[in-house]
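S.K.:
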Amino acid sequence: MAGGRGVPLALLAVLTLQGAGAVKVGNTIRQAEFQQRIEALQQEDGEFQMMFNADEVFHVDLQKQETVWRLPEFGTFTSFEAQGALQNMAVGKQNLEIMMKRSNRSQATIVPPEMTVFPKRRVELGDPNVLICYVDKFWPSVITITWLRNGQEVTDGIFETVFYPREDHSFRKFSYLPFIPTRGDYYDCRVEHWGLPTALLKHWEPQVPLPA
């Protein structure tokens, strides 16, 4: 869902369910799902995902009604029927309505994001790399992430994760930009969120020593 700077927020309510499915030697398999409704826009959204520790194993595309594995090879070891997630989400939608009525449809508290930008590996001029924009500790899960190269918006090759829930019920999200480090180029990750008065911009450029 795109960011909504300037959009009136009459009400936003969210229900998040998280539970440990199994615990062994400090590792945790966790099922996480959430439902949210934006009354001012008459929009509903949600997610269903399975995580191993803090890493996504898969999520369910609720529109296409299919399981999406974080890495394709995960799907060769096990399977998950998307229909089960859809049934859970239907129950969650009913629970959300009940909770909203009990809270007298109180407006939720908005939490602005924190963000950082870093490369996937050591930067070498001409060596393909990936820039990562990590957006963390925000609520609700309505945000827009945009990449800029030398001040111009970039759209090719960008990959974004789904929203990952934190234990405090806020969210985190990653955006990845493949690039080839070139002397003189610079990059910015721009984040828009209802908790920010203006877009948040994080600058990055390769720190490569000049030739001797």
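FYI, the numbering for the sequence shown is -22 to -1, 1 to 190, going by mature numbering (1 follows the signal peptide of the UniProt record, and there is no 0).
Each residue gets a CB set at the ideal place from its N, CA and C atoms; glycine is no exception.
(1) Are there three or more Cβ pairs, one per stretch, closer than 8 Å when the region 147 to 160 is compared with the region 73 to 80?
(2) Enumerate in chain order the residues of its own chain whose CB-to-CB distance from proline 184 is below 6 Å, with the five nearest sequence positions on each side excluded.
(3) Can threonine 45 and phenylalanine 36 be called in contact, C-beta distance under 8 Å?
(4) Applying the criterion that 16 or more other CB atoms from any shown protein chain within 10 Å of the CB defines a buried residue, is residue 201 buried or exposed?
(5) If you draw a straight line from the C-alpha of phenylalanine 152 to the C-alpha of glutamate 25, how long is it?
(6) Closer than 8 Å, CB to CB, is glutamine 27 near chain C or not?
(7) Which residues does DSSP list as the beta-bridge partners of lysine 151?
(8) Candidates Pro91, Thr124, Gly129: which alpha carbon is nearest glycine 135's?
(9) What is the DSSP secondary structure of glycine 24, reduced to helix, strand or coil?
(10) In the DSSP assignment, what residue or residues form a beta bridge with methionine 93?
M.R.: Once the coordinates are examined:
(1) no
(2) Val101, Pro159
(3) yes
(4) In the structure as shown, the chain starts at -22 and stops at 190, and residue 201 therefore has no counterpart that could be examined.
(5) 16 Å
(6) Structure shown: chain C not included; a single protein chain is present.
(7) Val113
(8) Thr124
(9) strand
(10) Val113
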